[in-house]
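>
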Amino acid sequence: MNKVTIVGSGNWGSVAAKLIASNTIKLSNFHDEVRMWVFEETLPNGDKLTDVIKQTNENVKYLPGVKLGQNVVADPDLENAAKFQNSP
């Protein structure tokens with residue numbers, strides 16, 4: 001089964017994660033979960049961006065107002081996120 005990791009969670013990474021996640025749930029040869037590596041940032045209110053994405057399913061800093069998909073999993077650990085995907 002194919003697994004996908006998105007490296008980056010800015011505007012482009014968040015959009016890619018959203019689009020890919022909406023497709024992986026429809027395709028039987030893909031794992032539903034899509035990992036998205038998030039460079040850990042502290043938001044002005046003191047919350048960590050990864051925690052907010054996990055709680056709200058939204059990248060409030062780079063793509064506010066857009067739900068990413070329940071199968072997008074934010075991960076601040078690059079090595080862990082990369083291990084999730086299939087190696088080419």
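According to our numbering, the sequence shown is numbered sequentially starting from 1.
In this text, a Cβ means the ideal position worked out from N, Cα and C, and glycines have one as well.
#1: Run through DSSP, which three-state label would Phe30 get?
#2: Which residues does DSSP list as the beta-bridge partners of Lys48?
#3: Go ahead and label Gly69 buried or exposed: buried means 16 or more other beta carbons lie within 10 angstroms of its beta carbon, across all protein chains shown.
#4: Any idea which residues DSSP pairs Lys18 with across the strands?
#5: On the three-state DSSP scale, how would you describe Ile6?
#6: Indicate the three-state DSSP secondary structure (helix, strand or coil) for Lys83 in the structure shown.
Result, derived from the coordinates:
#1: strand
#2: Thr42
#3: buried
#4: In DSSP, Lys18 forms no bridge with anything.
#5: strand
#6: helix
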